[in-house]
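**Q** Mind looking over this structure? Questions follow.
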Amino acid sequence: MPTSPSDTYDLAVVGAGAAGLAGAVTAAAAGLTVALLDSAAHTGGQYFRHPAPALGAARPQALHHDWPAYASLRERLAASSVAHLPGHHVWTVTRQAEDRWTVLALTGTDGEADEPVTVRARAVLLATGAYERQLPFPGWTLPGVVGAGGVQAMLKSGLVLPGRRIVVAGSGPLLLAVASSLATAGATVPAVVEAAGYLGYARHPRALAANPRKLREAVIHGSALLRHRVPLHTRSVVTQVHGTDRVEAVTVARADRTWRPVPGTGRRIACDALATGHGLVPQIELATALGCATRRTPDGTTALVLDDLQRTSLPGLWAAGEPGGIGGWELARTEGELAGLAVAARLGGRPLLTGGTRLRALRRDRARLRAFAEAMATAHAPGTGWTQWLGDDTDVCRCEEVTAGRVREAARDLGAHDARTVKLLTRAGMGWCQGRMCGQAVACLAAEGTAEGTVPPSAERRPLAVPVPLGALGSVPTDPAGPAEPAERPTTERPTAP
Numbered sequence: 001m002p003t004s005p006s007d008t009y010d011l012a013v014v015g016a017g018a019a020g021l022a023g024a025v026t027a028a029a030a031g032l033t034v035a036l037l038d039s040a041a042h043t044g045g046q047y048f049r050h051p052a053p054a055l056g057a058a059r060p061q062a063l064h065h066d067w068p069a070y071a072s073l074r075e076r077l078a079a080s081s082v083a084h085l086p087g088h089h090v091w092t093v094t095r096q097a098e099d100r101w102t103v104l105a106l107t108g109t110d111g112e113a114d115e116p117v118t119v120r121a122r123a124v125l126l127a128t129g130a131y132e133r134q135l136p137f138p139g140w141t142l143p144g145v146v147g148a149g150g151v152q153a154m155l156k157s158g159l160v161l162p163g164r165r166i167v168v169a170g171s172g173p174l175l176l177a178v179a180s181s182l183a184t185a186g187a188t189v190p191a192v193v194e195a196a197g198y199l200g201y202a203r204h205p206r207a208l209a210a211n212p213r214k215l216r217e218a219v220i221h222g223s224a225l226l227r228h229r230v231p232l233h234t235r236s237v238v239t240q241v242h243g244t245d246r247v248e249a250v251t252v253a254r255a256d257r258t259w260r261p262v263p264g265t266g267r268r269i270a271c272d273a274l275a276t277g278h279g280l281v282p283q284i285e286l287a288t289a290l291g292c293a294t295r296r297t298p299d300g301t302t303a304l305v306l307d308d309l310q311r312t313s314l315p316g317l318w319a320a321g322e323p324g325g326i327g328g329w330e331l332a333r334t335e336g337e338l339a340g341l342a343v344a345a346r347l348g349g350r351p352l353l354t355g356g357t358r359l360r361a362l363r364r365d366r367a368r369l370r371a372f373a374e375a376m377a378t379a380h381a382p383g384t385g386w387t388q389w390l391g392d393d394t395d396v397c398r399c400e401e402v403t404a405g406r407v408r409e410a411a412r413d414l415g416a417h418d419a420r421t422v423k424l425l426t427r428a429g430m431g432w433c434q435g436r437m438c439g440q441a442v443a444c445l446a447a448e449g450t451a452e453g454t455v456p457p458s459a460e461r462r463p464l465a466v467p468v469p470l471g472a473l474g475s476v477p478t479d480p481a482g483p484a485e486p487a488e489r490p491t492t493e494r495p496t497a498p
């Protein structure tokens, strides 16, 4: 096991959610030295968030249907030789050769520390998860408007609620899970507002039949909503949030199949908080900075192109879980284990690992789960009409206070029909979040009136995945073996079959 920063691990895993945990313990069990870096203080990622021991939660598993699976991974990690490095915010990964990688991180709760950390490895596995996609609407900057995933994180890790009367709105299966969790925790949920619908799943009968567990999950959440008398409104959207100092009510309107609000159907629902989200976006900045190939997913996000062993287009770099496309914790765990076996086969000179029965079973599971994930993405893909929610005075980029009107002006008068050009002209996307919150909205507004109608945010190369102090940049070590090989610009390919 490496004992100093100058030593080299066989594998560095970035992210300690289901994918990262499975990959790390699998590779370690196969005899590799492994470093597991994660920004959080505890393992589990976003899905398996849980309260800190200091909160004294008697049953931290109460908000998880799949806690035993996570508990098993956590026990395997504790019994393994994996070097778990919590509180490590990875801001870039550099490549000196196929088998020589450097992972640069900042330590601390908020990524602040006296000394940056450097981890060297022969291979890297990216299990960085995803972040929420937010589509703006009038009033979304009011206190009390919280991301749906953020509400779930507050409940799971802090045992707190953002309000007492909470509307849940947006699109995607996460809404049902959030609403049922809130209702079970004692909140009043006056409505779940789903912009799409669930009939779209019926177009994929084979994917549904192959994944009965997903149906059981839907039944569990649906039963909880029925038990707590929570109404579900499909083909409906929140078009405005009302309030002065915080949320007081929302306007909900029917929507057509393009998500365009139907005139005259709006009605006001009183609430003191709104949990909103329109699906998830793969977190792939570390990979695109290196030049990895990407693909467009059915719901308009950008994911990495991966082969049947979870390899990216860059030799020596693997990815598992949401970076390859949103699919949930079970798919992430499957891909993490598959990647761990593949890395062990490659670095340990054990080709039989990639031809054994376990790997074949993992591939079958991945194909089955990925097929459902593609069906889910198709069913909840945002329609082109959602921009009709926005008045010209609605803030789109909250960091830089750029309105929809300014974005439309840049597109209409200055010919800016992609997110990057709009950013250069308006500063939209130049703030603290670096376009993660507003990227989709800016791209769609820029495409209004064009033949395409909508375009996904560009998979821009960000050399810094998280904010980094200048002092940390100045202390980056020089690799004695020579400079990193230049990476080609990221390419975009059509989605490939799982």
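Residue numbers (UniProt numbering): 1 to 498.
Where a beta carbon is used, it is the ideal one built from N, C-alpha and C, also for glycine.
#1: Out of A22, E75 and V119, state which residue places its alpha-carbon closest to the alpha-carbon of D10.
#2: Report yes if the CB atom of R100 is closer than 9 Å to the CB atom of T8, and no otherwise.
#3: Which class does H50 belong to by DSSP, given the choice of helix, strand or coil?
#4: If we ignore side chains and look at the alpha-carbon of each, how far apart do S72 and M437 end up?
#5: What does the Cβ neighbour count give for A19, buried or exposed, with the cut at 16 atoms within 10 Å?
#6: Look at the Cβ atom of R333, then the Cβ atom of L106, and state whether they are nearer than 9 Å.
#7: I believe E335 touches R366 by the beta-carbon criterion, under 8 Å. Please report the beta-carbon distance rounded to the nearest angstrom.
#8: Could you tell me which residues DSSP puts in a beta bridge with W101?
#9: Where does V239 sit, in a helix, a strand or coil, going by DSSP?
#10: Hey, which unbroken runs of the alpha helix (DSSP H) at 4 residues or more fall wholly within the stretch 225-306?
#11: From R49 to S157, what distance separates their C-alpha atoms?
#12: Decide if H65 is buried, meaning its Cβ has at least 16 other Cβ atoms within 10 Å, or exposed.
#13: What residue range is occupied by the uninterrupted beta strand (DSSP E) comprising C444?
#14: Is it buried or exposed for W318, if we count other Cβ within 10 angstroms and need 16 for buried?
#15: Whole angstroms are fine: how far does the CA of T184 sit from the CA of H228?
#16: Closest by CA to A97, which one among G415, G108, H84 and P315?
#17: Considering only residues of the stretch 17-47, which uninterrupted alpha helix (DSSP H) runs meet the minimum length of 4 residues and lie entirely inside it, listed in chain order?
#18: Could you check whether the stretch 165-173 touches the stretch 273-280, counting it as contact only if at least three pairs of C-beta atoms, one from each stretch, sit closer than 8 Å?
#19: Give the straight-line distance between the Cα atoms of L390 and R408, rounded to the nearest whole angstrom.
#20: Determine, using beta carbons only, whether L215 and L225 come nearer to each other than 9 Å.
#21: Within the same chain, show all residues whose beta-carbon is closer than 8 Å to that of T141, passing over the 5 residues directly before and after it, in chain order.
#22: Between which two residues does the beta strand (DSSP E) containing W318 stretch?
#23: I want to know whether the stretch 76-89 touches the stretch 259-272 - three or more CB-CB distances under 8 Å.
#24: Starting from R165, follow its DSSP beta bridges and name the residues at the other end.
#25: Grab me the residues of P323's own chain with a C-beta within less than 7 Å of its C-beta, minus the 5 sequence neighbours each way, in chain order.
#26: Judging by CA-CA distance, which residue of V145, E374 and T387 is the nearest neighbour of A443?
**A** By the coordinates alone:
#1: Taking the first residue of the sequence shown as position 1, residue 10 is located at position 10. Among A22, E75 and V119, the Cα nearest to that of D10 is on V119.
#2: Taking the first residue of the sequence shown as position 1, residue 100 is located at position 100. Taking the first residue of the sequence shown as position 1, residue 8 is located at position 8. Yes. Within cutoff.
#3: Mapped onto the sequence shown, residue 50 falls at position 50. Residue state, collapsed to three classes: coil.
#4: For the purposes of this step, residue 72 is taken as the residue at position 72 of the sequence shown. For the purposes of this step, residue 437 is taken as the residue at position 437 of the sequence shown. One C-alpha to the other measures close to 34 Å.
#5: If you number the sequence shown from 1, residue 19 lands on position 19. Buried, since its Cβ has 16 or more Cβ neighbours within 10 Å.
#6: Within the sequence shown, the letter at position 333 stands for residue 333. Within the sequence shown, the letter at position 106 stands for residue 106. No; because the gap between Cβ atoms is not below 9 Å, this pair is not in contact.
#7: Counting from 1 along the sequence shown, the entry for residue 335 is found at position 335. Counting from 1 along the sequence shown, the entry for residue 366 is found at position 366. About 6 Å; that satisfies the 8 Å criterion.
#8: Position 101 of the sequence shown holds residue 101. DSSP, once it has assigned bridges, lists R95 and A121 as partnering W101.
#9: What you label residue 239 is simply residue 239 of the sequence shown in a count that begins at 1. In the sequence as displayed, the identity of residue 239 is Thr instead of Val. In the structure shown, T239 sits in a strand (DSSP, three-state: E or B).
#10: 285-288
#11: What you label residue 49 is simply residue 49 of the sequence shown in a count that begins at 1. What you label residue 157 is simply residue 157 of the sequence shown in a count that begins at 1. Answer to the nearest angstrom: the Cα atoms are 6 Å apart.
#12: Against the sequence shown, residue 65 aligns to sequence position 65. With fewer than 16 other Cβ atoms within 10 Å, it is exposed.
#13: On the sequence shown, residue 444 is found 444 positions in, with the first residue counted as 1. From DSSP, C444 is part of no beta strand (DSSP E) but of the alpha helix (DSSP H) over G439 to A446.
#14: Here residue 318 refers to the residue found at position 318 of the sequence shown. Burial call: buried.
#15: Start at 1 with the first residue of the sequence shown, and residue 228 comes out as number 228. Start at 1 with the first residue of the sequence shown, and residue 184 comes out as number 184. Whole-angstrom Cα-Cα distance: 8 Å.
#16: Walking along the sequence shown from the start, residue 97 turns up at place 97. Minimum Cα distance to A97 is reached at P315.
#17: 18-29
#18: yes
#19: Working through the sequence shown from its first residue, we reach residue 390 at position 390. Working through the sequence shown from its first residue, we reach residue 408 at position 408. The straight-line gap from Cα to Cα measures roughly 11 Å.
#20: On the sequence shown, residue 215 is found 215 positions in, with the first residue counted as 1. On the sequence shown, residue 225 is found 225 positions in, with the first residue counted as 1. Not closer than 9 Å, so no.
#21: As a working note, residue 141 is residue 141 in the sequence shown. The answer, listed in chain order, is D395 and R398.
#22: Within the sequence shown, numbered from 1, the residue matching residue 318 stands at position 318. Looking at the DSSP string, the run of the beta strand (DSSP E) that includes W318 is L317 to A319.
#23: no
#24: Against the sequence shown, residue 165 aligns to sequence position 165. DSSP, once it has assigned bridges, lists T188 as partnering R165.
#25: Here residue 323 refers to the residue found at position 323 of the sequence shown. So the list reads L126, T128, P282, Q283, I284, A287, A303 and L304, once near-sequence residues are dropped.
#26: Sequence index remark: in the sequence shown, residue 443 carries index 443 (1-based). Ranking V145, E374 and T387 by Cα distance to A443 puts T387 first.
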